[in-house]
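Working notes, beginning with the structure itself.
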Amino acid sequence: MKNHYKLIPAIIILIASAFILSCSSVTMTSWMNPKASEKSISKLVVWGMFDKLEYEQPFESTMAGFFNQKGLKSVMGLDVLVPKKKYEYKELEKIFDSIGADAILIFHYKGTDKDQTYVEQTTTVYPDFYYNYYNYYSWGYPTYAPSYGVVSTGGYWTVTTVVNLRANLYGNSKDDLIWTGEIGVTDPQYIDQASADIARNIWSDWKSKNLVK
345 MKNHYKLIPA IIILIASAFI LSCSSVTMTS WMNPKASEKS ISKLVVWGMF
395 DKLEYEQPFE STMAGFFNQK GLKSVMGLDV LVPKKKYEYK ELEKIFDSIG
445 ADAILIFHYK GTDKDQTYVE QTTTVYPDFY YNYYNYYSWG YPTYAPSYGV
495 VSTGGYWTVT TVVNLRANLY GNSKDDLIWT GEIGVTDPQY IDQASADIAR
545 NIWSDWKSKN LVK
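Count along the sequence shown starting at 1, add 344, and that's the number in this note's numbering.
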């Protein structure tokens with residue numbers, strides 16, 4: 345029984361570590377063009393210029409879905425553009441005008457950074473009464489001597505991965521740059537989760553700049 349409870353802190357630590365590693369964090373710096381002709385947007389094309397469709401499709405789908413839920417009409421680039429096709433400028437203008445888009449949000453992959461960190465080993469000693477009430481009873485009873493459990497953590501290397509993206513928002517009427525963002529996603533696990541986190545950051549930034557209602 346005691347051995348079973350001695351495992352609890354180690355299991356908790358492992359679960360917490362797994363949870364931390366499964367989450368991605370997003371950082372973003374942005375700039376808004378004060379001379380842009382369009383100061384607000386109402387219908388958006390989300391265009392992920394990625395090499396692989398298995399990245400572009402879920403990224404655009406999640407991003408457009410998030411914006412639609414917020415009330416900003418959005419369509420995926422893949423819904424109106426043929427993958428891998430090289431379009432002429434007038435062709436793109438005709439497509440965007442036909443769906444009533446007043447802005448195009450384009451994402452570009454800039455590369456991936458990796459950082460290696462060593463986690464030092466630490467050892468913690470817990471008295472048995474830490475684990476359950478019976479151990480506390482046994483520890484406090486005069487005829488019993490206390491015993492202890494030892495939990496060690498660390499002693500391994502971790503690798504942090506940061507995926508870097510640039511997002512540019514262009515107005516459709518004058519084709520000028522309205523807004524740009526430099527985005528870093530740390531340890532992304534799933535494209536849809538990462539794109540939802542990115543969309544959340546972008547939306548918050550656009551709200552603060554009065555680009556969206």
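Where a beta carbon is used, it is the ideal one built from N, C-alpha and C, also for glycine. Note that the coordinates shown come from a computational prediction; the quantities given were computed from them, not determined experimentally.
Looking at residue i: is its Cβ nearer than 8 Å to the Cβ of residue j?
{"i": "Trp-391", "j": "Ile-450", "result": "yes"}
{"i": "Lys-454", "j": "Thr-504", "result": "no"}
{"i": "Tyr-514", "j": "Ile-439", "result": "no"}
{"i": "Ser-548", "j": "Glu-382", "result": "no"}
{"i": "Ile-611", "j": "Tyr-433", "result": "One cannot answer for residue 611 here, as it falls past the ends of the chain, which runs 345 to 557."}
{"i": "Glu-435", "j": "Met-420", "result": "no"}
{"i": "Val-556", "j": "Ser-384", "result": "yes"}
Under 8 Å by Cβ, that's how I've got residue i and residue j pegged, so tell me the actual separation to the nearest angstrom.
{"i": "Thr-371", "j": "Gly-528", "result": "5 Å"}
Output needed for residue i: all residues of its chain with C-beta closer than 6 Å, excluding positions within five of it in sequence on either side, in chain order.
{"i": "Met-376", "result": "Trp-523, Lys-553"}
{"i": "Ser-418", "result": "Leu-388, Val-390, Ala-408, Phe-411, Asn-412"}
{"i": "Ser-539", "result": "Phe-403, Thr-406, Met-407"}
{"i": "Leu-425", "result": "none"}
{"i": "Lys-379", "result": "none"}
Taking residue i as the reference, give the member of the options with the closest Cα.
{"i": "Thr-406", "options": "Tyr-433, Lys-518, Arg-544", "result": "Arg-544"}
{"i": "Ile-542", "options": "Lys-557, Glu-526, Asp-423, Lys-383", "result": "Glu-526"}
{"i": "Gly-415", "options": "Gly-421, Tyr-433, Ser-386", "result": "Ser-386"}
{"i": "Gln-599", "options": "Lys-383, Ala-380, Tyr-433, Lys-428", "result": "A query on residue 599 cannot be resolved here, the shown segment of the chain reaching from 345 to 557 and no further."}
{"i": "Glu-437", "options": "Ile-546, Asp-519, Trp-550, Lys-430", "result": "Asp-519"}
{"i": "Leu-422", "options": "Arg-510, Asp-441, Asp-446, Leu-397", "result": "Leu-397"}
So, at 7 Å on beta carbons, what are the nonlocal neighbours of residue i in its own chain, with the 5 sequence-adjacent residues on each side left out?
{"i": "Thr-502", "result": "Thr-461, Val-463"}
{"i": "Asn-512", "result": "Ile-450, Leu-521, Thr-524"}
{"i": "Met-393", "result": "Ile-450, Phe-451, His-452"}
Leaving out five residues on either side along the sequence, give the residues of the same chain with a beta carbon under 8 Å from the beta carbon of residue i.
{"i": "Thr-456", "result": "Thr-505, Val-506, Val-507, Asn-508"}
{"i": "Ala-445", "result": "Lys-387, Leu-388, Val-389, Val-419, Asn-516"}
{"i": "Arg-510", "result": "Phe-451, His-452, Lys-454, Thr-524, Gly-525, Glu-526, Ile-527"}
{"i": "Asp-441", "result": "Asn-516"}
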